[in-house]
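Trainee:
Numbering (the numbering used here), first residue to last: 981 to 1319.
1) By Cβ distance below 7 angstroms, which residues in the same chain neighbour residue 1110 in space, the five residues on each side in sequence not counted?
2) Only counting the same chain, and skipping five residues up and downstream in sequence, which positions put a Cβ closer than 6 angstroms to that of residue 1061?
3) Would you be able to state if there are at least three C-beta pairs under 8 angstroms between the stretch 1083 to 1101 and the stretch 1176 to 1183?
4) For residue 1322, count neighbouring C-beta atoms within 10 Å of its own C-beta (all shown protein chains included) and say buried if the count is 16 or more, exposed if not.
5) Hey, how far is the Cα of residue 1010 from the Cα of residue 990?
6) Mind listing, in chain order, the continuous alpha helix (DSSP H) runs of no fewer than 4 residues lying wholly within the stretch 1054 to 1141?
7) Quick check on residue 1189: does DSSP put it in helix, strand or coil?
8) The beta strand (DSSP E) that contains residue 1223, what's its start and end?
9) Under the DSSP definition of a beta bridge, which residues are partnered with residue 1230?
10) Quick check: is any heavy atom of the ligand NAD less than 8 angstroms from the C-beta of residue 1098?
11) Would you tell me roughly how many angstroms separate the C-alpha atoms of residue 1163 and residue 1017, rounded to the nearest one?
12) Secondary structure at residue 1008, three-state DSSP: helix, strand or coil?
13) Indicate the three-state DSSP secondary structure (helix, strand or coil) for residue 1017 in the structure shown.
14) Can the beta-carbon of residue 1156 be found closer than 9 angstroms to that of residue 1144?
15) Alpha carbon to alpha carbon, how far is residue 1246 from residue 1276? Give it in angstroms, no decimals.
16) On the three-pair Cβ rule with 8 angstroms, is the stretch 1111 to 1130 touching the stretch 1294 to 1307?
17) Quick check: what's the CA-CA separation for residue 987 versus residue 1259?
18) Here's the rule I'm using: 16 or more other beta-carbon atoms within 10 Å means buried, otherwise exposed. How should residue 1013 be labelled?
19) Within a Cβ cutoff of 7 angstroms, which residues of the same chain sit near residue 1113, ignoring the five residues on either side of it in sequence?
20) Span of the alpha helix (DSSP H) holding residue 1284?
21) For residue 1024 and residue 1070, what's the separation of their Cα atoms in angstroms?
22) To the nearest angstrom, how far is it from the Cα of residue 1244 to the Cα of residue 1253?
23) Considering only residues of the same chain and omitting the five flanking positions on each side of residue 983, which have a CB-CB separation below 8 angstroms?
24) Quick check on the burial criterion: 16 or more other C-beta atoms within 10 angstroms. Buried or exposed for residue 1105?
25) Starting from residue 1161, follow the alpha helix (DSSP H) in both directions and report where the run begins and ends.
26) Can you give the Cα-Cα distance for residue 1058 and residue 1313, rounded to whole angstroms?
27) Where residue 1135 and residue 1194 are concerned, what is the direct C-alpha to C-alpha distance, given to the nearest angstrom?
28) Is residue 994 helix, strand or coil when you go by DSSP?
29) Please check the pair residue 1034 and residue 1028, which I expect to be a contact at CB under 8 angstroms, by giving their CB distance rounded to whole angstroms.
30) With DSSP run on the structure shown, which of helix, strand or coil describes residue 1198?
31) In three-state DSSP terms, what is residue 1257?
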């Protein structure tokens, strides 16, 4: 496909993530909405009426239509593999929300099909595309803080997701922590060999579905680098997202972003603007940059930055952290089924 070609996208799923991708389709040049598919037909009809495109009547039409150049999978977690593999089988490039599959076998199958057909397959670990986190990673990779010694990632959700969502989310390690694992490994440039996780549940409804709402994970890397990740489902103060990298020659940090830079100072002290309320505003730029990257991959202008090995290792690390929290012991990555 030529670098200036218009990319016609089939958007499967019109929930939270689908809404972000729809906004990118409308905002970015050189892309248009081809087909829309959602189990809620009224929602699909409303999107088509406002933004154009056509309603796909079934999965085959959504993934295999000749007048579609690429497919975006933003459906509930348990359907990702089915839709992504169908689109790849039909010869379409795919942007798929994580997780790509429920095990490494499904992940391997999708990437094998993508390689066989010469198709881009981008799994959506959007934090890599956040401008602040990307700057931290670039500084670490350029050696600006020296040899890496410690990485800290903090992620606190707000508001608490609905229980209906959490029931099918695969749990906090595969739904939330996996993003931190991807980001930490991306910054580190290596894969941890050992994981130790602890978890608690303070929200009664989350406890009832046998999930955790607060977890802490310690990671040890082959080089001696250490990392910590702490994740909470209940950050009542706002959507708290921070990253810190300590090296032998300095430190680089990405702090929370206030809604404005205005500071009110008085006899009582200083009042700062609150941080982002939730992920739609915090990661708006990341979703947009991720989609622009996908379009470049479809046009052949760049390689997919999130590799098969990345997606595979993220899944195995989430499995290792989950096992560690359940068994109350450190887990070596070598213990986790490689598939």
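Glycine included, each C-beta is placed from N, C-alpha and C at the ideal position. Please read these numbers as outputs of a predicted model, since none were measured by experiment.
Mentor: Reading from the atomic positions:
1) 1263, 1265, 1266
2) 1081, 1086
3) no
4) Because the chain spans 981 through 1319 in this model, residue 1322 falls outside it and cannot be assessed.
5) So the two alpha carbons sit approximately 14 angstroms from each other.
6) Within the stretch 1054 to 1141, the complete alpha helix (DSSP H) segments at least 4 residues long are 1060 to 1069, 1084 to 1097, 1111 to 1121, listed from N- to C-terminus.
7) coil
8) 1220 to 1227
9) 1227
10) Annotation note on the ligand NAD: not contained in the displayed structure, which lists no ligands.
11) Answer to the nearest angstrom: the Cα atoms are 31 angstroms apart.
12) coil
13) In the structure shown, residue 1017 sits in a strand (DSSP, three-state: E or B).
14) no
15) 50 angstroms
16) no
17) 27 angstroms
18) buried
19) 1107, 1163, 1223, 1234
20) Element bounds for residue 1284: n/a, residue is neither H nor E.
21) 22 angstroms
22) 9 angstroms
23) 1279, 1280, 1281
24) buried
25) Note, residue 1161: alpha helix (DSSP H), 1158 to 1168.
26) 25 angstroms
27) 10 angstroms
28) coil
29) 7 angstroms
30) strand
31) Coil, per DSSP.
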